[in-house]
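Note sheet for the following structure.
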């Protein structure tokens, strides 16, 4: 198969690494070659972070080039804007509709753009949700990334049971049930 | 991010998906390593965090710094077991002293030094190339290009180390260390401990012995070059078909048989971008396999050298009279990608549309970070800080803007001392040194000794958050827990400072703003060395329990914005001046509440 290119972008500390591990895990389970590339260190302190997931018959480069992403998963609106041009013309943006102000906005040096949704929808197909509120409805804001994975799952070829299987094997044992619930919320929503 | 749990998905058939750093740990484990010692440093940290999974069979530790870590590994090797030390590129500078001499002494048990470079400077203070230091020390270097090779090459490095009586460096980069790929683990090899035999000529590097050993090292490099020529880890792919490549002189394309010499992660970019080229992927980049390279160069019309950072391979290849294209086309700076080959060699254009212009998002101190509180007080007093390496280096930037300088681990205290000796006591009365707890124990301690010894008067602030924060929360000698998870002797930093001769030592809660302000004022004025230890655990530590959540009492808010001054990410100032506090992000530190003069913010404490 043609290599599938997925990017996960967000703000350091949001938990993008768990999402990339679940995506990497499900691709491997399906028998693909997989590469996942992460950001650790300084950027994880509230900086802009990018994770690349590529799977297919044989994957060389761990990076996704501009204009080559099939799916862009954005954990935050401004980060979606920053990376939307990485998507193919027919690529899909899965957006967690959350706003986190960068330091320049907090200090008042810059404004947080108001017209992000209009600009994103003008460029690409967008699937968006408020994953944080959904997660809070389950009683734990931290499981919002499994809500997002639920949304992403609808656009990929793997079955629901395969996803649940990988989630079970990737998240800490105490968090399995609530993460599965979070996934199903995104998957059915 | 803390990676000590649930990161390895070992439920797959056959292969597992593994981080490059995890694969290095796996390779060392399979090679029968018995002792590993390291100091955390992005992008190398996770090797030790995965290594400790094998703690029943491998002794693993965090050392206070890389020099100590390297010496521990050398001692283990001298005693006759396989040993490994792990560090980032700048860590190898700290460990350079033992490195250059263990190259002379050689090994007993295999000795592997894993070093991770940081092209693109994702989380470092420079972009140095470990291969240059390795060549200066005459230590061979292996360079894997994916997770599976990271496992295999690390394993083989131990064999090469023992066969040639030399330490071996396994060099990685951020992209390899922090990428996951499929790995096929093998069982651990049972390597019997070697006997220790006293050998002063080999193990005591006094001048007469070192002169002999230097000669031995030169002979070893010749032997290793022969080894490199025949090494089965190098890979050659031949393609006889010419491919169209850019020719600037013709202002167009020409059909040529193209060859690329590469190694490490850049190999993956070549494979992605130019499947039609002949590729020589080098596994051992020092010493280089000259015969292999000469034979390869013969088969192509145009030879490219594709290597990140320094023209290490290129300069040697050119010195043999082989024409090639390298740094005249590709930068010495930054990280490479397949795209730069597509654009630069193949003349292909990017398909993407124009990026949106959006505000930048640099790293920022977390909500509830105690450094924000300390810097707020320092800023109020208009202090300048000689800074150091850690999360708190972010205090150099707006809106905190307290830190003026930062060189390397431990440098804050000694650079402040240098300023005083250059310009006098009065000059540093609005200066302090700012250093973290782990960094102080790394090399700051020596600098403090220098201050008391050499009649200094500076003020040192140790921001003690009970962890090595930036690298993802590793323990250190001041936390009371070691890497193996056991209870350890907890170094008392205040007692250490006193024992070094510092008379004025204070321990202050980071959120006691008035006491911190009073103490800072008094101590910068005092004509004696003083140390102020500002204590509050990192808000990202697993056992951190927030005091509560801060809320805004809207009717009391004067919309002055003073609470937003230190730029806490949990707090937002709206256009109309009103304040919102994100109840999920807030860690209840209460700094905004303490800054508010109108009582408009309350800390609702957890019951």
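Chains as they are written, first to last, in the working numbering: chain C, 132 to 320; chain R, 481 to 1087.
By construction, the Cβ of each residue, glycine as well, lies at the ideal position given by its N, Cα and C atoms.
If you compare the alpha carbons of R:766, R:779, R:590, R:989 with that of residue 850 (chain R), the shortest gap goes to R:989. Looking at the DSSP output, residue 180 (chain C) bridges to C:141. With respect to chain C, the C-beta atom of residue 497 (chain R) has a partner C-beta closer than 8 Å. The beta carbon of residue 265 (chain C) sits no closer than 8 Å to any beta carbon of chain R. Its chain contains 1068, 1069, 1070, 1083, 1085, 1086 as the residues whose beta carbon lies nearer than 8 Å to that of residue 1027 (chain R), once the 5 sequence neighbours on both sides are disregarded; these appear in chain order.
What residue 164 (chain C) touches in chain R, judged by beta-carbon distance under 7 Å, is 662, going in chain order. If you draw a 10 Å sphere on the C-beta of residue 1029 (chain R), you find 16 or more other C-beta atoms in it, and that means buried. Scanning chain C for C-beta atoms nearer than 9 Å to the C-beta of residue 831 (chain R) yields 196, 197, 198, 199, 219, 220, reported in chain order. Residue 559 (chain R) sits in a helix when the DSSP states are folded into three classes. Within the region 933-959 of chain R, the runs of beta strand (DSSP E) at least 3 residues long that lie entirely inside it are, in chain order, 939-944. For the region 745-777 of chain R, residues whose beta-carbon sits nearer than 7 Å to a beta-carbon of chain C comprise 748, 749, 751, 752.
In the structure shown, residue 724 (chain R) adopts extended strand secondary structure according to DSSP, grouped into three states. Here residue 620 (chain R) is buried. Its C-beta has 16 or more other C-beta atoms within 10 Å. A check of alpha carbon separations from residue 923 (chain R) across R:942, R:858, R:847, R:907 identifies R:942 as the nearest. Residue 294 (chain C) sits buried, since 16 or more C-beta atoms from the chains shown fall within 10 Å of its C-beta.
With a threshold of 8 Å between beta carbons, residue 950 (chain R) makes contact with chain C.
Counting only residues of its own chain and dropping the five nearest sequence neighbours on each side, residue 895 (chain R) has a CB closer than 7 Å to the CB of 866, 885, 887. With a cut-off of 8 Å on Cβ pairs, the region 557-566 of chain R is in contact with the region 507-524 of chain R, counting three or more such pairs. Listed in chain order, the non-local C-beta contacts of residue 693 (chain R) below 6 Å within the same chain comprise 584, local neighbours out to five positions each way being set aside. In the DSSP assignment, residue 1072 (chain R) falls within the unbroken alpha helix (DSSP H) covering 1071-1075. Taken through DSSP and simplified to helix, strand or coil, residue 707 (chain R) comes out as helix.
The region 1039-1049 of chain R and the region 1002-1016 of chain R do not touch, with fewer than three beta-carbon pairs separated by less than 8 Å. Under a criterion of Cβ atoms nearer than 9 Å, no residue of chain C is adjacent to residue 676 (chain R); the nearest Cβ is some 39 Å distant. DSSP places residue 903 (chain R) in the uninterrupted alpha helix (DSSP H) bounded by 891-903. For residue 1072 (chain R), the closest Cβ of chain C is not nearer than 8 Å. In the displayed model, residue 1034 (chain R) falls within a helix according to three-state DSSP. For residue 782 (chain R), there is no enclosing alpha helix (DSSP H); the enclosing beta strand (DSSP E) has its first and last residue at 782-786.
Pairing residue 832 (chain R) with residue 220 (chain C), the inter-Cα distance amounts to about 8 Å. Taken through DSSP and simplified to helix, strand or coil, residue 657 (chain R) comes out as helix. With a threshold of 16 other beta carbon atoms within 10 Å, residue 611 (chain R) meets it and is buried.
According to the DSSP assignment, residue 581 (chain R) belongs to the alpha helix (DSSP H) that extends over 576-585. Counting only Cβ-Cβ distances below 8 Å, residue 232 (chain C) has contacts in chain R at 1049, 1052, in chain order. Neighbours of residue 209 (chain C) in chain R, taken as residues at a C-beta separation under 9 Å, are given in chain order as 838, 839, 841. Taking a beta-carbon distance threshold of 8 Å, residue 170 (chain C) counts as an interface residue toward chain R. When Cβ-Cβ separations below 8 Å define contact, residue 281 (chain C) makes no contact with chain R. At least 8 Å separates the CB of residue 245 (chain C) from every CB of chain R.
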